[in-house]
Amino acid sequence: MSILESRNDLLSNIKASVEALLPIDKDMKLSNTFNMTDDIRHKVLKVLITFSARIPHPAQSNSTSNGNRVSNGSIASNINIDSISNNNDSLTLLRWKILAYVSRIDLTIAKWFESHLDALSILYELGYGETQQGLWAVWAAEGHPNPVHYQEGKISGCKSWCSGANIVDYALITYRDDEGKSQLVTVDMQQKGIDIDNRAWQAVGMQATDTATVSFDNVSAPQVGSPNAYLDRVGFWHGAAGVATCWYGASASLASYLVESYQQKPNDYKAMYLGQISSDLAVSRQYLHQVAQLIDSQPENNHELSIRQLRTNIEQLARQVIETVGQALGAAPFCGNAHFATLSADLTVFIRQSHGAFDLQSIGQLTCLQVGSNRWQL
Numbered sequence: 001m002s003i004l005e006s007r008n009d010l011l012s013n014i015k016a017s018v019e020a021l022l023p024i025d026k027d028m029k030l031s032n033t034f035n036m037t038d039d040i041r042h043k044v045l046k047v048l049i050t051f052s053a054r055i056p057h058p059a060q061s062n063s064t065s066n067g068n069r070v071s072n073g074s075i076a077s078n079i080n081i082d083s084i085s086n087n088n089d090s091l092t093l094l095r096w097k098i099l100a101y102v103s104r105i106d107l108t109i110a111k112w113f114e115s116h117l118d119a120l121s122i123l124y125e126l127g128y129g130e131t132q133q134g135l136w137a138v139w140a141a142e143g144h145p146n147p148v149h150y151q152e153g154k155i156s157g158c159k160s161w162c163s164g165a166n167i168v169d170y171a172l173i174t175y176r177d178d179e180g181k182s183q184l185v186t187v188d189m190q191q192k193g194i195d196i197d198n199r200a201w202q203a204v205g206m207q208a209t210d211t212a213t214v215s216f217d218n219v220s221a222p223q224v225g226s227p228n229a230y231l232d233r234v235g236f237w238h239g240a241a242g243v244a245t246c247w248y249g250a251s252a253s254l255a256s257y258l259v260e261s262y263q264q265k266p267n268d269y270k271a272m273y274l275g276q277i278s279s280d281l282a283v284s285r286q287y288l289h290q291v292a293q294l295i296d297s298q299p300e301n302n303h304e305l306s307i308r309q310l311r312t313n314i315e316q317l318a319r320q321v322i323e324t325v326g327q328a329l330g331a332a333p334f335c336g337n338a339h340f341a342t343l344s345a346d347l348t349v350f351i352r353q354s355h356g357a358f359d360l361q362s363i364g365q366l367t368c369l370q371v372g373s374n375r376w377q378l
């Protein structure tokens, strides 16, 4: 990052570059008749990738020595921390603002770009060294009946729920070794022995994400990090918060349609619905600021409890916004506004990346492990 490029400049430059490709008005609204095609998505993604090295990693706080945070080995940061430390904003919050901005436009692009940034941050944290240029992804879903297995530097088997399967250049892929430990490998997706099957994905929401089952047959895959490093590193939960930021950005975008509708044709019912979701958005926004600051002030901690609570809060927010804005505006935007309809359908599917009752169970267990009895005292 240039020494002249501040944090706010970075976000502004990203916005200007993206919006040059899209018909966006002064209120950050896409034209009602605009059709977001795969070609446009790929062009926007390509522009976003050019900014990758200038976007801070989670917990890459000003106080971290030389801008580095590693759990295994060391790696030089591509980001000049001093050049963007001219205000008190959290660097993690800057990253989240970028993800939220992209999510306001299109959740398919956000899904691809969040995974790309997460892959780069994982490699950074594990001390992998210089990464290859191109689009990265993290494919860590488990449960396929023919799981990935590793032998002598190569992998075979299948991985489900691989988003961007046909456009990704490099993937970080997890597998379980003979002892049940989680291992991580990198895969160059241009190799022979890779088969991509999109037939399993039936969802209307997030349909454009190119999510597929990928099969590997004796494919070269260098290992990254030590056993369980992927799951045990503090950044695992920091990255999970980034996904919730995407949910928040899309929720705020949907809510803005109700603001616009009220401004054009006010009535008391719209005001009531708007008051409800405005309050919910304000709480989630403050929580994002708080957790970002917490991560940057204590980068050595994973903050699992706070991040699980954050994800649960924003999942509930998203469901509330989808329902309430729909009640307030009726069927019209779902049927006549391409951006609104796509974002609503995509967000409904994307928030299912939450784990519902299992997350609440973990939150309860982690709450009981906290030291002291005054957990909620002001």
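Read in UniProt numbering, the sequence shown has 259 at position 259, and its numbers run on one by one without any break. Quick reminder that beta carbons are idealized off the backbone N, C-alpha and C, glycines included.
Looking at 328, 244, 290, the one whose alpha-carbon comes closest to that of residue 268 is 328. When secondary structure is reduced to three states using DSSP, residue 163 falls in the coil class, being assigned neither helix nor strand. By the criterion of at least three beta-carbon pairs nearer than 8 Å, the region 211-226 is not in contact with the region 272-291. The region 340-348 and the region 293-310 do not touch, with fewer than 3 CB-CB distances between them shorter than 8 Å. Assignment of beta-bridge partners to residue 171 by DSSP yields 137, 187. Between the alpha carbons of residue 171 and residue 132 lies a gap of roughly 11 Å.
Here the region 316-330 lies against the region 254-263, with 3 or more beta-carbon pairs under 8 Å apart. The Cβ atoms of residue 99 and residue 56 do not sit closer than 8 Å to each other. Between the region 233-243 and the region 198-218 there are fewer than three inter-stretch CB-CB distances shorter than 8 Å, so the stretches are not counted as touching. Secondary structure at residue 154: strand, using DSSP grouped into helix, strand and coil.
Using a Cβ-Cβ distance cut-off of 8 Å, the region 106-117 and the region 173-189 are not in contact, since fewer than three pairs of beta carbons, one from each stretch, lie closer than that value. Your pair residue 112 and residue 45 checks out as a contact, with CB atoms roughly 6 Å apart and the cut at 8 Å. When the five nearest sequence neighbours on each side are left out, the beta carbons in the same chain lying within less than 6 Å of the beta carbon of residue 337 are those of 32, in order along the chain.
Residue 92 sits in a helix when the DSSP states are folded into three classes. Minimum Cα-Cα distance from residue 228 among the listed residues 216, 176, 259 corresponds to 176. For residue 273, the CB contacts under 6 Å within the same chain, skipping 5 residues up- and downstream, are 324, 328 in chain order.
The continuous stretches of alpha helix (DSSP H) do not include residue 218, which lies in the beta strand (DSSP E) extending over residues 212-220. About 5 Å separates the beta carbon of residue 139 from that of residue 159, a gap short enough to meet the 8 Å contact definition. Under DSSP, residue 311 takes part in no beta bridge, so it has no partner. According to the DSSP assignment, residue 363 belongs to no beta strand (DSSP E) but to the alpha helix (DSSP H) extending over 357-369. According to DSSP, residue 285 shares a beta bridge with no other residue. In its chain, beyond the 5 residues on either side, 106 have a beta carbon closer than 6 Å to the beta carbon of residue 36. Ranking 280, 23, 334 by CA distance to the CA of residue 312 puts 280 first.
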